[in-house]
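Protein chains in written order, with my numbering: chain U, 1 to 679; chain B, 680 to 971.
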């Protein structure tokens with residue numbers, strides 16, 4: 001047994017693709033070797049910007065010769081079936097055996113040396129690699145993520161013989177592009193990693209990540225600063241370097257007038273720098289860049305170069321920021337009429353009108369206790385930052401920039417915060433109103449023109465908007481009839497569209513949206529550990545569109561059905577419901593006849609007691625008490641089933657007993673539709 | 680770097696690159712005598728990247744981007760600037776090494792500076808072209824766009840052309856350690872970039888943003904498009920392509936004047952692309968472009 005080493009050396013692989021490439025490399029290798037029956041030990045895949053590496057431990061020397069009998073078609077089967085079987089086995093008709101009217105093929109597989117199997121494996125890796133986007137180069141027909149220049153393939157100390165489109169596998173690679181550009185001869189998998197390390201290449205990306213993470217922290221700490229942690233940036237920098245060297249630089253503190261998010265984002269997205277904070281938590285005028293070279297001067301020139309690039313970027317950002325500050329948001333708002341929100345849904349100005357209206361309604365109807373004027377003001381200004389230079393440069397800062405501008409231009413805190421947090425799930429009342437109105441409007445507007453999410457397609461992120469709405473409603477405990485809000489939002493759009501079609505569709509669209517919310521609620525609650533069947537059970541009651549009350553019911557129900565009493569009541573309920581279903585019992589008024597059994601009397605008494613109690617508790621939204629009241633039915637119903645025959649030969653008795661079961665079922669159903677509960 | 684006495688002037692930077700790439704077999708061309716937004720538009724790149732023949736060329740191309748003009752007030756943005764363009768077809772195996780050699784030649788020591796190839800896929804909607812490659816970073820600054828063409832004018836590139844586009848002003852600012860483009864030493868006899876181009880930037884910004892007669896521009900756009908089709912009918916791909924370049928620049932100027940709405944924008948880009956594609960298709964029918 002020996003270890004196998006594969007290095008595919010290319011021009012720079014995009015950092016964001018490396019993790020996927022490592023997984024694919026290991027997957028294809030494992031597939032090929034297992035198909036060939038070649039056993040291997042642990043498989044490790046690594047990547048650097050210029051190489052994909054796989055090391056497989058303990059590869060067997062080869063595969064054993066084997067003989068396999070394969071059953072083919074019946075001898076009476078059509079000619080095509082036989083042809084297919086011959087193609088599959090590679091045999092001729094004469095070589096087949098016939099037994100009991102069926103063809104059998106005996107296929108001998110010669111044992112194969114590991115070298116041969118590995119050669120085929122490497123070929124398949126190179127030809128079938130599923131890069132997200134591949135390319136050609138020169139006059140080659142090969143495709144790879146970027147030009148592929150070398151293959152090292154070794155089993156133990158032996159080179160795996162393989163040639164792909166003029167590239168021949170060998171034992172030679174190169175080190176770091178600048179530190180060790182000359183050839184390196186690899187001895188085997190055993191010395192590969194260390195040999196490359198000696199040539200300024202750290203093959204293991206996790207080690208590079210650690211060096212970057214620790215080095216960046218240390219560089220910041222040396223200047224008495226803290227590094228703003230950013231795992232994604234660590235991984236990206238590790239994907240851009242073979243020999244990472246974190247370096248601390250400083251920039252002009254005057255730039256700190258620009259909003260912090262802008263500076264951090266400029267550094268991260270455009271330059272891949274880490275940001276630093278001072279001891280007071282504020283942003284420090286410093287950055288950590290990660291060089292790919294141990295520079296002769298210790299990095300002085302590199303830091304200086306990076307500082308100048310950053311200064312130019314921040315100067316640009318400051319220019320936009322200062323320009324934006326000069327224009328009142330009220331002025332910017334006037335430009336929103338020229339921006340299309342969606343071709344079927346008018347302009348952003350139209351959207352702003354609708355959000356303002358819905359937001360105001362949330363306050364006027366008492367759903368949110370907040371100043372309706374503040375909500376309207378924030379809604380009116382919320383989208384103004386879309387036309388600012390800053391958001392033009394950094395679209396991901398929409399909202400944030402508007403918030404800063406609003407505060408700088410003298411808007412009140414609640415308004416500024418509402419603008420800042422409109423895309424999130426805020427709890428401050430004005431913010432919650434604007435964010436909720438915005439999301440509800442988006443969902444309703446798109447549904448209103450038939451653009452609802454389908455399957456995996458959700459181009460307008462309506463599912464996320466629904467989840468966000470649910471979070472706002474639940475976290476702030478907003479008592480809201482979702483149906484009213486949805487109908488209001490739909491009507492707002494219908495009024496703008498001025499088509500009777502939109503108005504007519506309202507009645508069919510509103511229930512669709514409510515159902516969409518129910519689905520999202522289930523997804524969201526499942527993640528929180530709530531059983532989806534319980535959500536269904538409550539939704540099935542119909543008419544429950546107050547999410548806060550709905551969830552309170554669900555929670556009480558979940559607590560209840562998980563107790564022994566609850567489980568037993570559920571069993572009894574199902575039994576009752578099954579009987580009623582089987583008898584197709586629609587209920588009558590018959591309760592007569594004489595000689596009520598004891599158990600009937602007891603159940604009637606229990607229902608007389610528990611029914612009103614449960615109703616009263618539900619009225620007060622005290623669902624736990626409602627459940628407790630229902631729990632008192634458990635004993636009487638169990639006794640009833642144990643001693644009373646429902647389908648009595650006497651039709652009068654049968655009728656009153658079926659009606660009694662109906663009463664029992666309906667009492668339980670006040671809280672939730674128990675028939676939807678599983679188990 | 681900051682060693683201004685040792686560093687190359689703007690014109691010496693160009694001459695050094697000319698010598699370097701000339702010595703490596705490139706035809707050193709002069710700028711194309713038409714207005715265009717990028718060195719890629721030069722027929723020596725677009726048309727020559729199509730068809731089977733080998734081709735190596737290097738040239739400076741003045742680029743006009745009317746919307747980027749800042750009246751000479753921004754230290755980093757210009758409405759008119761220079762690109763240094765190198766095209767090698769088929770792209771040689773050592774293209775990266777050749778490129779890095781050119782950096783050393785102009786005074787960038789890769790053991791002292793941090794040179795990186797950062798993913799950047801290139802696409803030109805107006806040329807119907809795309810390729811994969813990187814932006815090359817030197818100490819965090821993008822100094823070159825490095826692309827392996829995959830398609831031009833909607834046609835597969837076989838063989839593949841390797842394209843290097845150096846941003847000359849940025850590179851010079853970096854080498855000279857200058858923070859304002861107008862402070863660049865144009866030569867070593869006391870002439871600055873601002874001496875040569877500041878007035879140009881001011882006047883051209885004013886023209887492009889405020890003065891250009893938009894009715895006339897719309898009319899010229901239509902005429903260029905019609906003339907392009909006229910040339911295509913006559914099976915003359917090069918004049919047809921020139922008209923497509925002309926239409927592209929007119930579109931850019933109209934954009935700077937702010938008279939093309941977002942909705943119309945796509946339609947104009949599509950129109951130019953159709954013209955460019957048709958010219959490329961016609962080129963492939965000629966003996967130069969013939970795949971046969």
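Just so you know, even glycine gets a beta-carbon here, dropped at the ideal spot from N, CA and C.
Alpha carbon of residue i to alpha carbon of residue j, nearest angstrom
{"i": "residue 451 of chain U", "j": "residue 731 of chain B", "result": "48 Å"}
{"i": "residue 654 of chain U", "j": "residue 605 of chain U", "result": "19 Å"}
{"i": "residue 16 of chain U", "j": "residue 22 of chain U", "result": "12 Å"}
{"i": "residue 857 of chain B", "j": "residue 798 of chain B", "result": "27 Å"}
{"i": "residue 342 of chain U", "j": "residue 361 of chain U", "result": "24 Å"}
{"i": "residue 961 of chain B", "j": "residue 915 of chain B", "result": "7 Å"}
{"i": "residue 919 of chain B", "j": "residue 304 of chain U", "result": "48 Å"}
{"i": "residue 667 of chain U", "j": "residue 618 of chain U", "result": "12 Å"}
{"i": "residue 424 of chain U", "j": "residue 232 of chain U", "result": "21 Å"}
{"i": "residue 293 of chain U", "j": "residue 758 of chain B", "result": "35 Å"}
{"i": "residue 892 of chain B", "j": "residue 311 of chain U", "result": "38 Å"}
{"i": "residue 496 of chain U", "j": "residue 427 of chain U", "result": "30 Å"}
{"i": "residue 190 of chain U", "j": "residue 170 of chain U", "result": "16 Å"}
{"i": "residue 887 of chain B", "j": "residue 337 of chain U", "result": "26 Å"}
{"i": "residue 535 of chain U", "j": "residue 512 of chain U", "result": "17 Å"}
{"i": "residue 958 of chain B", "j": "residue 209 of chain U", "result": "49 Å"}
{"i": "residue 906 of chain B", "j": "residue 922 of chain B", "result": "7 Å"}
{"i": "residue 783 of chain B", "j": "residue 691 of chain B", "result": "14 Å"}
{"i": "residue 680 of chain B", "j": "residue 687 of chain B", "result": "Any reading at residue 680 of chain B needs caution, since the residue's pLDDT is 45, under 50, leaving its predicted position unreliable; the model's value is listed next. Cα-Cα distance, rounded: 12 Å."}
Residues bridged to residue i (per DSSP)
{"i": "residue 676 of chain B", "result": "In the structure as shown, chain B starts at 680 and stops at 971, and residue 676 of chain B therefore has no counterpart that could be examined."}
{"i": "residue 98 of chain U", "result": "U:103"}
{"i": "residue 276 of chain U", "result": "U:227"}
{"i": "residue 173 of chain U", "result": "U:184"}
{"i": "residue 247 of chain U", "result": "U:289"}
{"i": "residue 759 of chain B", "result": "B:743"}
{"i": "residue 62 of chain U", "result": "U:113"}
{"i": "residue 794 of chain B", "result": "B:817"}
Check whether residue i and residue j have beta carbons under 7 Å apart
{"i": "residue 290 of chain U", "j": "residue 244 of chain U", "result": "yes"}
{"i": "residue 672 of chain U", "j": "residue 550 of chain U", "result": "no"}
{"i": "residue 677 of chain U", "j": "residue 572 of chain U", "result": "no"}
{"i": "residue 935 of chain B", "j": "residue 746 of chain B", "result": "yes"}
{"i": "residue 599 of chain U", "j": "residue 643 of chain U", "result": "yes"}
{"i": "residue 766 of chain B", "j": "residue 736 of chain B", "result": "yes"}
{"i": "residue 165 of chain U", "j": "residue 142 of chain U", "result": "yes"}
{"i": "residue 538 of chain U", "j": "residue 553 of chain U", "result": "yes"}
{"i": "residue 316 of chain U", "j": "residue 389 of chain U", "result": "no"}
For residue i, the three-state DSSP class (helix, strand or coil)
{"i": "residue 46 of chain U", "result": "strand"}
{"i": "residue 240 of chain U", "result": "coil"}
{"i": "residue 951 of chain B", "result": "helix"}
{"i": "residue 315 of chain U", "result": "helix"}
{"i": "residue 751 of chain B", "result": "coil"}
{"i": "residue 431 of chain U", "result": "helix"}
{"i": "residue 130 of chain U", "result": "coil"}
{"i": "residue 680 of chain B", "result": "At residue 680 of chain B, the pLDDT of 45 sits below 50, so the modelled position is not reliable; the number obtained from the coordinates is stated separately. Coil."}
{"i": "residue 860 of chain B", "result": "helix"}
{"i": "residue 135 of chain U", "result": "strand"}
{"i": "residue 446 of chain U", "result": "helix"}
{"i": "residue 419 of chain U", "result": "helix"}
Closer than 8 Å is the cut-off here; do at least three beta carbon pairs connect the stretch 247 to 255 of chain U with the stretch 1 to 20 of chain U? no
Counting Cβ pairs, one atom from each stretch, are 3 or more of them under 8 Å apart for the stretch 171 to 185 of chain U and the stretch 199 to 210 of chain U? yes
Under 8 Å, with one C-beta from each stretch per pair, do the stretch 261 to 281 of chain U and the stretch 216 to 235 of chain U reach the 3-pair mark? yes
Contact between the stretch 564 to 572 of chain U and the stretch 582 to 600 of chain U is defined here as three or more beta-carbon pairs at a separation below 8 Å; is this criterion met? no
Tell me whether the stretch 59 to 70 of chain U and the stretch 30 to 40 of chain U touch, counting them as touching only if at least three CB pairs, one residue from each stretch, are closer than 8 Å. In short, these stretches touch, since the Cβ pair count reaches three.
Does the stretch 430 to 442 of chain U come within contact of the stretch 467 to 483 of chain U, defined as at least 3 CB pairs closer than 8 Å? In short, these stretches touch, since the Cβ pair count reaches three.
Inter-stretch contact at 8 Å, needing at least 3 Cβ pairs: the stretch 948 to 955 of chain B / the stretch 799 to 815 of chain B: yes
Should the stretch 342 to 360 of chain U be regarded as contacting the stretch 376 to 394 of chain U, the criterion being three or more beta carbon pairs within less than 8 Å? yes
Counting Cβ pairs closer than 8 Å, one from the stretch 113 to 132 of chain U and one from the stretch 158 to 168 of chain U, do we hit at least three? In short, these stretches touch, since the Cβ pair count reaches three.
Counting Cβ pairs, one atom from each stretch, are 3 or more of them under 8 Å apart for the stretch 810 to 829 of chain B and the stretch 786 to 802 of chain B? With contact defined as three or more Cβ pairs closer than 8 Å, the stretch 810 to 829 of chain B and the stretch 786 to 802 of chain B are in contact.
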